[in-house]
Amino acid sequence: MTRITAWRRHPLARYAVLILALALVGTAYATFVQVSKPADAALASGKVDDVANGKSLFQAHCASCHGLNAEGTSTGPTLIGVGAASVDFQMSTGRMPASNPGAQVPRKPLPEWVDSDSISDIAAYVQSLGGGPTVPSGDQVDPALGDAAKGGELFRANCIQCHNWAGAGGALTRGKYAPNLNESSPTQIYEAMVTGPQAMPVFNDTTITPEEKRNMIAYIVQVREQTDPGGFALGRIGPVTEGLVAWVVGILALVLAAIWITAKKRQKS
Numbered sequence: 001m002t003r004i005t006a007w008r009r010h011p012l013a014r015y016a017v018l019i020l021a022l023a024l025v026g027t028a029y030a031t032f033v034q035v036s037k038p039a040d041a042a043l044a045s046g047k048v049d050d051v052a053n054g055k056s057l058f059q060a061h062c063a064s065c066h067g068l069n070a071e072g073t074s075t076g077p078t079l080i081g082v083g084a085a086s087v088d089f090q091m092s093t094g095r096m097p098a099s100n101p102g103a104q105v106p107r108k109p110l111p112e113w114v115d116s117d118s119i120s121d122i123a124a125y126v127q128s129l130g131g132g133p134t135v136p137s138g139d140q141v142d143p144a145l146g147d148a149a150k151g152g153e154l155f156r157a158n159c160i161q162c163h164n165w166a167g168a169g170g171a172l173t174r175g176k177y178a179p180n181l182n183e184s185s186p187t188q189i190y191e192a193m194v195t196g197p198q199a200m201p202v203f204n205d206t207t208i209t210p211e212e213k214r215n216m217i218a219y220i221v222q223v224r225e226q227t228d229p230g231g232f233a234l235g236r237i238g239p240v241t242e243g244l245v246a247w248v249v250g251i252l253a254l255v256l257a258a259i260w261i262t263a264k265k266r267q268k269s
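Here the sequence shown is numbered in UniProt numbering, starting from 1 and rising by one per residue.
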């Protein structure tokens, strides 16, 4: 006991305890945390050749900005660890490849060489580099399997500050903006939540579960399919736009009515 007590009082004892604690934490993390397989996107499709073809396409069309090995350059970030979901979102929406990078890359038509197969192959290659979120399955993004009412609650709590209650989008700072969701597919909406493109935060499965994401997709799809029985939707931007139109149209109508009444009175006199 005397020897143990002496070791406990040694000046280096605290450092030894700290190193031991860090080693135990690291071992526990490595044991219980599930690590993504490097090429799970390619293996899931059953075609290992997808990675090789994706690498060739990547080096031909993407390496000038992201580097030959996706390590990143001064004009493009590293893609190691971003996952297949990020590649599928960026390429399927036409944001990548970006011909004219700016404050925010807009959605645009796909180039001629980009199709579903080329996107899938490049996604498989990027997935093989360091894992990351994978492309969601059909059941994960099926609006028919979601609860639109619950999804609406989640959407209003987490998304309307930027995207508006109807997903119409809105302006952000420094030239950025939250895009309109009307053109986004359910898969793209899910991928945006798990990858956080551009100014959007990442909503991982700990923050919003896959079931809750599907509920939010169901709400977005339901809202954009609704009609506007009141007349012009005015982009569904909100009361500011509606109020402005009401004032402009209303005041203009009153001015024209006043001019017409005055002209009538002058003719009678």
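Positions of the beta carbon are idealized from the N, C-alpha and C atoms, including for glycine.
Please read all numbers here as calculations on a predicted model, not as lab measurements.
Taking the C-alpha atoms as reference points, what is the distance between residue i and residue j?
i, j, result
"Leu244", "Glu211", "39 Å"
"Pro179", "Phe89", "13 Å"
"Gly185", "Ala123", "Looking at the sequence itself, residue 185 is Ser, so the reference to Gly does not match. One C-alpha to the other measures close to 18 Å."
"Asp142", "Ile189", "11 Å"
"Val255", "Val249", "10 Å"
"Leu129", "Gly170", "35 Å"
"residue 277", "Leu68", "Since the first and last residues shown for the chain are 1 and 269, residue 277 lies out of range."
"Lys176", "Asn182", "18 Å"
"Ala52", "Ser99", "25 Å"
"Gly94", "Leu24", "46 Å"
"Val126", "Val105", "20 Å"
"Gly131", "Trp165", "34 Å"
"His61", "Lys213", "32 Å"
"Ala149", "Asp121", "37 Å"
"Glu153", "Ala258", "47 Å"
"Ile217", "Trp113", "30 Å"
"Pro97", "Met91", "7 Å"
"Ala144", "Ile261", "57 Å"
"Ile19", "Thr27", "12 Å"
"Ile251", "Val223", "32 Å"
"Phe155", "Gly81", "27 Å"
"Asp205", "Ala246", "43 Å"
"Ala21", "Lys55", "41 Å"
"Leu110", "Ile160", "28 Å"
"Glu225", "Pro101", "32 Å"
"Ala263", "Ala253", "15 Å"
On the criterion of 16 or more Cβ atoms from any shown chain inside 10 Å, does residue i qualify as buried, or is it exposed?
i, result
"Lys108", "exposed"
"residue 271", "Outside the modelled stretch of the chain, which goes from 1 to 269, sits residue 271, for which no answer is possible."
"Ile119", "buried"
"Ser64", "exposed"
"Ser86", "buried"
"Thr207", "exposed"
"Ser116", "exposed"
"Asp50", "buried"
"Ala70", "buried"
"Thr227", "exposed"
"Ala84", "buried"
Is residue i helix, strand or coil when you go by DSSP?
i, result
"Val255", "helix"
"Gly151", "helix"
"Ala218", "helix"
"Gly250", "helix"
"Ala171", "strand"
"Ala23", "helix"
"Ala199", "coil"
"Ala84", "helix"
"Ala178", "strand"
"Leu79", "coil"
"Met96", "coil"
"Gln59", "helix"
"Gly131", "coil"
"Ile208", "coil"
"Asp50", "helix"
Could you name the residues of the same chain whose beta carbon sits closer than 6 Å to that of residue i, not counting the 5 residues immediately before and after it, in chain order?
i, result
"Val202", "Gly196"
"Thr75", "Cys65"
"Met193", "Phe203 and Lys213"
"Gly167", "Leu181 and Ile220"
"Val135", "Ala84, Ala85 and Asp88"
Give me, in chain order, the residues of the same chain whose beta-carbon lies closer than 8 Å to that of residue i; leave out the 5 immediate sequence neighbours on both sides.
i, result
"Leu172", "Cys162, Ala178 and Ala199"
"residue 284", "As shown, the chain starts at 1 and ends at 269. That puts residue 284 outside it, with no answer to give."
Only counting the same chain, and skipping five residues up and downstream in sequence, which positions put a Cβ closer than 7 Å to that of residue i?
i, result
"Ala72", "Before going further, note that residue 72 is Gly rather than Ala in the sequence given. So the qualifying residues of the chain are His66 and Thr78."
"Ser137", "none"
"Ala103", "Arg174, Gly175 and Lys176"
"Gln140", "Tyr190, Pro210 and Arg214"
"Gly146", "Arg214, Asn215, Ile217 and Ala218"
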